[in-house]
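Numbering (the numbering used here), first residue to last: 3 to 292.
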């Protein structure tokens with residue numbers, strides 16, 4: 003049986019996901035915030051976490067946005083070797099984004115050109131889309147994220163020298179957190195990409211954010227690195243809301259790749275306390291033919 007992914011199936015999935023993502027925290031993030039509240043000892047940190055938990059509950063109950071910054075729309079499609087992609091599979095996504103943002107009355111935050119024309123597009127389009135082949139039979143996964151500007155602004159790409167090693171990665175992440183985390187609405191989920199090339203490493207970091215905070219890395223080496231990085235981030239004491247405390251981040255998620263012998267690319271993509279992302283199995287939703 004062959005799975006076919008069409009532009010209409012992708013657009014419909016994006017359209018249906020946006021209002022839900024804007025108003026309802028993913029289960030793992032909501033549970034992570036509650037667990038952080040139970041463990042936090044700093045009074046100001048506890049107060050911030052109380053407010054975040056209450057805000058999420060109100061947003062879900064009243065179907066209103068969790069955050070006034072309803073973000074840019076990031077869409078990433080993963081397809082296996084036996085999955086057919088029909089033409090320009092993202093051709094209808096911008097229309098779906100415009101319709102969803104308009105009907106759900108979400109803030110539209112995209113400008114026409116970063117430098118030459120800062121006028122609002124009026125639709126929150128274009129979405130930012132990419133496609134990735136994976137060596138997994140039958141895979142047809144659509145990742146969708148509404149990414150706020152504050153957390154993306156706190157992110158960075160650095161080309162370290164190879165000799166910096168793991169210690170250099172830890173130092174750069176801690177420096178970034180100390181400098182920028184308070185502006186990214188902590189507690190954070192931090193996506194870290196290590197390797198590939200200058201243009202690819204940021205994508206690694208953003209895709210790393212898709213793994214739930216309660217899902218450890220399958221590779222034990224990456225799992226150990228994530229735990230070390232999380233401990234270093236939380237040791238900064240930046241805390242919830244940047245007001246101090248033990249929980250600066252709920253999780254650090256790492257994705258690595260090969261790279262040139264002379265390079266050590268590093269990308270840090272901050273995810274805020276309103277991490278709005280979902281993964282949809284398109285194969286399970288139909289689109290197959292025998």
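All C-beta atoms in this analysis are idealised placements derived from N, C-alpha and C, irrespective of residue type, glycine included.
Sheet register partners of residue 278 (DSSP bridge): Listed as beta-bridge partners of residue 278 by DSSP are 148.
What's the gap between the Cα of residue 168 and the Cα of residue 179? Their Cα atoms are separated by approximately 17 Å.
Short check: CB of residue 13 to CB of residue 98, under 8 Å? Less than 8 Å separates the beta-carbon of residue 13 from that of residue 98.
Out of 136, 188 and 195, which has the shortest C-alpha to C-alpha gap to residue 261? Out of 136, 188 and 195, 195 has the C-alpha closest to the C-alpha of residue 261.
For residue 224, I'd like the list of residues in its chain whose CB is within less than 7 Å of its CB, leaving aside the five on either flank, ordered along the chain. Excluding sequence neighbours, residue 224 sits near 256 and 258.
My output table needs one value for residue 108: the three-state DSSP class, helix, strand or coil. If DSSP states are grouped into helix, strand and coil, residue 108 belongs with coil.
Among 11, 5, 29 and 21, nearest to residue 213 - alpha-carbon criterion: Nearest option by C-alpha distance: 29.
The alpha helix (DSSP H) enclosing residue 330, as first and last residue numbers: Because the chain is modelled from 3 through 292, residue 330 falls outside the range shown and cannot be assessed.
For residue 187, tell me which candidate among 154, 207 and 280 has the shortest Cα-Cα distance. The option with the nearest alpha carbon to residue 187 is 154.
Cross-strand partners of residue 86 (DSSP beta bridge): DSSP, once it has assigned bridges, lists 6 as partnering residue 86.
Can you list, in chain order, the residues of its chain with a C-beta nearer than 7 Å to that of residue 218? Leave out the 5 residues immediately preceding and following it. Take residue 218, set aside five residues on each side of it, and the residues of its chain with a beta-carbon closer than 7 Å to its own are 225, in chain order.
Beta-ladder partner(s) of residue 200, from DSSP: Answer is none; residue 200 lacks a bridge partner.
Helix, strand or coil: how does DSSP classify residue 290 here? Since pLDDT at residue 290 reaches only 41, below the 50 mark, its modelled position is unreliable, and the value read off the structure follows with that caveat. Three-state DSSP puts residue 290 in a strand.
As assigned by DSSP and simplified to three states, the class of residue 260: For residue 260, the three-state secondary structure derived from DSSP is strand.
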